[in-house]
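**Q** Structure in structure tokens, see below.
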Amino acid sequence: MELKSLLFVLIAHLISAGLSKTVAAQKARNSNRWAVAGFLFGPLGLIAAVGMPDRHQIVYLRYLAEQQGYQPRHACGGQKGETDA
């Protein structure tokens, strides 16, 4: 009985690793690292990979914003520290 449970968990983690790698590759992330996360954490790693933002979409949205005349307030594109007011 214990061997069946161990095999079930191992197979579930292998499937999660493969799916995490596929999802990460589609989102332009490091697929090998996400495969390891999927294997170590199982379905939780897969949920985390699905929840990551898509880099292609981020770049495209920034391109559209710049075409509309958006200028970042700072060189990094983010906000300055809390001390600047």
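Our numbering puts the sequence shown at residues -16 to 68.
All residues carry an ideal CB built from backbone N, CA and C; glycine is no exception.
Let me know the secondary structure DSSP gives residue 4 once reduced to three states.
**A** Correct three-state label for residue 4: helix.
**Q** Determine the contact status of residue 0 and residue 11, defining contact as a CB-CB distance below 7 Å.
**A** For residue 0 and residue 11, no; Cβs fall outside 7 Å.
**Q** Shortest alpha-carbon distance to residue 2 belongs to which of 24, -11, -15?
**A** With distances taken between Cα atoms, residue 2 lies closest to 24.
**Q** For residue -11, which of helix, strand or coil comes out of DSSP?
**A** In this structure, residue -11 counts as helix in the three-state DSSP scheme.
**Q** Distance, Cα to Cα, residue 52 vs residue 43?
**A** For residue 52 and residue 43, the distance between alpha carbons rounds to 15 Å.
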